[in-house]
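Written below as structure tokens is the structure these notes are about.
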Amino acid sequence: MISDRQPVARGVSVTICCFEVMARRGWRKFDTWGWDGCFMDGKHHASNNDDWSAIPIISLNYGGKIEGDEVIGGRTFSTTNTWAAEARGAEQFFQLAEYFDISIKINGDGMFAC
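Take a look at the structure:
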């Protein structure tokens, strides 16, 4: 074990781990492309030909309000439990990034941009 090095916190995705590693290397501005975390038009951009029928699909809403049994407003995304966990990790990193003056631009219109 090397005692003069700090470990990188584990993250739910390689993207979030890379943000931390790059921030430690001095980078303070990140631009991402294709980091959607959801199905768009019923397809996943990276694997449109794969069979996703065995994967449970969930719906997540950002910005809406719950009234009774309905969600009013906001945006609802079709996603997976894994992508939902990644979204939680991203939210935590975004809060830290603001504290450490790190800017993150998410190009696209997927769940992570919301």
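In this note's numbering, the protein residues as written are 32 to 145. Think of the CB as a built atom: it goes at the ideal place given N, C-alpha and C, for glycine as much as any other residue.
Using 8 Å for Cβ pairs, my map puts residue i next to residue j. What's the rounded Cβ distance?
i, j, result
"glycine 94", "glycine 141", "About 14 Å separates the two Cβ atoms, so there is no contact after all."
"phenylalanine 70", "threonine 110", "7 Å"
"valine 39", "alanine 116", "So it is not a contact: roughly 18 Å between Cβ atoms."
Among all the DSSP beta bridges, which residues are the ones paired with residue i?
i, result
"valine 102", "Ile97"
"leucine 91", "Phe108"
"aspartate 62", "Lys136"
"phenylalanine 70", "Ser109"
Does the beta-carbon of residue i have 16 or more other beta-carbons within 10 angstroms, so that it is buried, or is it exposed?
i, result
"phenylalanine 131", "exposed"
"alanine 85", "exposed"
"tryptophan 64", "exposed"
"tryptophan 66", "buried"
"leucine 91", "buried"
I'd like the list of long-range same chain contacts for residue i, defined as Cβ closer than 6 Å, with 5 residues on each side in sequence excluded.
i, result
"asparagine 138", "Trp64"
"serine 134", "Lys60"
"cysteine 49", "none"
Do you know offhand how far residue i's Cα is from residue j's?
i, j, result
"threonine 46", "tryptophan 58", "14 Å"
"glutamate 122", "proline 87", "22 Å"
"arginine 41", "alanine 128", "16 Å"
"aspartate 100", "glutamate 51", "39 Å"
"threonine 107", "arginine 36", "42 Å"
"aspartate 72", "glutamate 98", "27 Å"
To which residues of the same chain is residue i closer than 8 Å at the C-beta, ignoring the five residues directly before and after it?
i, result
"glycine 105", "Asn92, Tyr93, Gly94, Gly95 and Lys96"
"phenylalanine 125", "Ile135"
"valine 102", "Asn92, Gly95 and Lys96"
"isoleucine 89", "Ser109, Thr110, Thr111, Asn112 and Ala115"
Within its chain, find whatever has a CB closer than 7 Å to the CB of residue i; leave out the 5 residues flanking it on each side and keep chain order.
i, result
"phenylalanine 143", "Trp66, Asp67, Gly68, Ala118, Ala121 and Ile137"
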